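Each remark here refers to the structure printed beneath this line.
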Amino acid sequence: MGHCCLFRLLTNGSPLLYQYVRVSYDTKPDSLLQLMIKDWQLELPTLLISVHGGLQNFDLQPKLKQVFGKGLIKAAVTTGAWIFTGGVSTGVVRHVGDALKDHSSKSRGKVYAVGIAPWGIVENKEDLIGRDVTRPYQTMSNPLSKLSLLNNSHSHFILADNGTHGKYGAEVKLRRQLEKHISLQKINTRLGQGVPLVCLIVEGGPNVISIVLESLREDPPVPVVVCDGSGRASDIISFAHKYSEDGGVISENAKDQLLVTVQKTFNYNRSQAQQVFLMIAECMKKRELVSNVRSSVSSSHRRHDDM
1 MGHCCLFRLL
11 TNGSPLLYQY
21 VRVSYDTKPD
31 SLLQLMIKDW
41 QLELPTLLIS
51 VHGGLQNFDL
61 QPKLKQVFGK
71 GLIKAAVTTG
81 AWIFTGGVST
91 GVVRHVGDAL
101 KDHSSKSRGK
111 VYAVGIAPWG
121 IVENKEDLIG
131 RDVTRPYQTM
141 SNPLSKLSLL
151 NNSHSHFILA
161 DNGTHGKYGA
171 EVKLRRQLEK
181 HISLQKINTR
191 LGQGVPLVCL
201 IVEGGPNVIS
211 IVLESLREDP
221 PVPVVVCDGS
231 GRASDIISFA
241 HKYSEDGGVI
251 SENAKDQLLV
261 TVQKTFNYNR
271 SQAQQVFLMI
281 AECMKKRELV
291 SNVRSSVSSS
301 HRRHDDM
């Protein structure tokens, strides 16, 4: 198990301290949760929001970005939720970070956002090596680097190390197991109620469709909220949801449109697109657990039926 440390940003003389821990990729979830509650002194959440989406940077329409950010923060503040993300300042995490930054500037209650990232993709990770220390963290990145900076709007970071450099993957199983373990904690012992877990999807590649399917296959299944209009995987899932019937049956016409869209979106051949379609069709068998969030602007700008 890693040692809890703090880092201070080397920017604008920031007074904020961020808590982080570097752990082995196979660390047991009960050890991690114990660390979060005992060492970080976090209270068990009444809701866990797990955000997934694109790793590369992408734009959101301003109205949709506002709807996404306000909705996420409101859910976290009103329920005492924890937000889990990938932790580094690219892609969907950048948009979560913007929402957190906007919220913190208004000082309306604390939001706990935990970034779970692979140690090997963190820019300037040498700054973070130490045991039970407070470290200065350099937030300037090398423009040629393929590594990513930690997002400074998060409050806590779990950095999973499997010895690789510049690759994602070390964090995937650890995060999934930790989320599952938290969901099993009893927040209402009289009712035997666990911590509700929800999966929030914004944009994303084919791996995000896999994450949606894994979430729906959990026991109990994890509800999925899709940010419709954010692009790529999110829009594909939203389209399938709109054009599937109860029981998840997708019409031949909608199937053809989906296959063409998957090929175009991910630069896939027909065979690869078929594999993605099979995952989407499986997801739609539990379509009642999938809901779409959209702004009126995004839905008027973009017609579903001409994807």
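Just so we're aligned, residue 1 is where the sequence shown starts under UniProt numbering, counting upward by one. We put the beta carbon where it would ideally sit given N, CA and C, even for glycine. All values reported here derive from a predicted model rather than from experimental measurement.
So what does DSSP say about P118, is it helix, strand or coil?
-> As a first step, residue 118 must be located in the sequence shown, where it is residue number 118. Assignment of P118 by DSSP, reduced to helix, strand and coil, places it in the strand class.
Three-state secondary structure (DSSP) of V293 = Position 293 of the sequence shown, counted from the first residue, corresponds to residue 293. Correct three-state label for V293: strand.
Tell me whether the beta-carbon of residue 348 lies closer than 8 Å to the beta-carbon of E171.
-> With the chain represented from 1 up to 307, any question about residue 348 goes unanswered, as that position is not in the structure.
Per DSSP, cross-strand counterpart(s) of L197 | Here residue 197 refers to the residue found at position 197 when the sequence shown is read from its first residue. L48.
Enumerate in chain order the residues of its own chain whose CB-to-CB distance from F68 is below 8 Å, with the five nearest sequence positions on each side excluded.
-> Position 68 of the sequence shown, counted from the start, is the residue given in the question as residue 68. Excluding sequence neighbours, F68 sits near L60, H95, A99, V202, C227, S230, V293.
Go ahead and pull the three-state DSSP assignment for F58.
-> Your numbering for residue 58 matches position 58 in the sequence shown. Three-state result, F58: coil.
Report yes or no: do three or more beta-carbon pairs, one from the segment 79-88 and one from the segment 32-52, lie closer than 8 Å?
-> With a cut-off of 8 Å, the segment 32-52 and the segment 79-88 count as touching, because enough Cβ pairs lie within range.
Taking the C-alpha atoms as reference points, what is the distance between K186 and G192?
-> Here residue 186 is taken as the residue at index 186 of the sequence shown, counted from 1. Here residue 192 is taken as the residue at index 192 of the sequence shown, counted from 1. Roughly 6 Å separates the two Cα atoms.
Evaluate S271 with the Cβ neighbour count: other Cβ atoms within 10 Å of its Cβ, from every protein chain shown; 16 or more gives buried, anything less gives exposed.
-> Counting from one through the sequence shown, the residue named residue 271 turns up at place 271. S271 comes out exposed.
Measure the alpha-carbon distance for S24 versus E252 and round it to whole angstroms.
-> To locate residue 24, count along the sequence shown from 1; it is residue 24. To locate residue 252, count along the sequence shown from 1; it is residue 252. Rounded to the nearest angstrom, the two C-alpha atoms are 46 Å apart.
Cross-strand partners of C283 (DSSP beta bridge) = One-based indexing of the sequence shown puts residue 283 at position 283. Beta-bridge pairing links C283 to no other residue.
Should L200 be listed as close to the ligand SAM, given that the test is whether its C-beta is under 7 Å from any heavy atom?
-> With respect to the ligand SAM, the structure shown offers nothing to examine, as it has no ligands at all.
Closer than 6 Å by C-beta to H52: which residues in its own chain qualify, once you throw out the five before and the five after it? Chain order, please.
-> Mapped onto the sequence shown, residue 52 falls at position 52. Closer than 6 Å at the Cβ level, and outside the excluded window around H52, lie I201, V208, I211.
From P196, L197, D127, I116, residue whose alpha carbon lies closest to that of L159 = Against the sequence shown, residue 159 aligns to sequence position 159. Relative to L159, the option among P196, L197, D127, I116 whose CA is nearest is I116.
Return the first residue and the last residue of the alpha helix (DSSP H) that R232 is part of.
-> Here the question's residue 232 lines up with position 232 in the sequence shown. Note, R232: alpha helix (DSSP H), 232-242.
Assign D306 to one of three DSSP states: helix, strand, or coil.
-> Here the question's residue 306 lines up with position 306 in the sequence shown. For D306, the predicted structure reports a pLDDT of 45, less than 50, and the residue's modelled location is therefore unreliable. A value from the coordinates is still provided. Residue state, collapsed to three classes: helix.
Does the segment 134-142 touch the segment 153-167, meaning 3 or more C-beta pairs lie closer than 8 Å?
-> Cβ pair count under 8 Å is below three, so no.
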